[in-house]
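All you need for the working numbering is the position in the sequence shown, starting with 1, plus 256.
Glycine residues also receive a C-beta, built at the ideal position from the N, C-alpha and C atoms.
As structure tokens, the structure follows; a few thoughts come after it.
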Amino acid sequence: MNIKKGMPTPDAALKEFFKDNEIFAAVFNGYFFNNDEVINPAEL
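So this is what it looks like as structure tokens:
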């Protein structure tokens, strides 16, 4: 795979994206739990 210099790797980009607990909870609650708040970002 040819990755341009200065571009983050996919793993690094996802790690940075999911660092925010509210984003993590929203994505996982939406995908796995039909938007029910099963994962509370304040508890992460």
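From which residue to which residue does the alpha helix (DSSP H) around residue 272 run?
266-273
Straight-line gap, residue 307 to residue 272 (C-alpha atoms, nearest Å)
A query on residue 307 cannot be resolved here, the shown segment of the chain reaching from 257 to 300 and no further.
Please classify residue 268 as buried or exposed, where buried requires at least 16 neighbouring CB atoms within 10 angstroms.
exposed
Count the other CB atoms, across all protein chains shown, that sit within 10 Å of the CB of residue 298; report buried if there are 16 or more and exposed otherwise.
exposed
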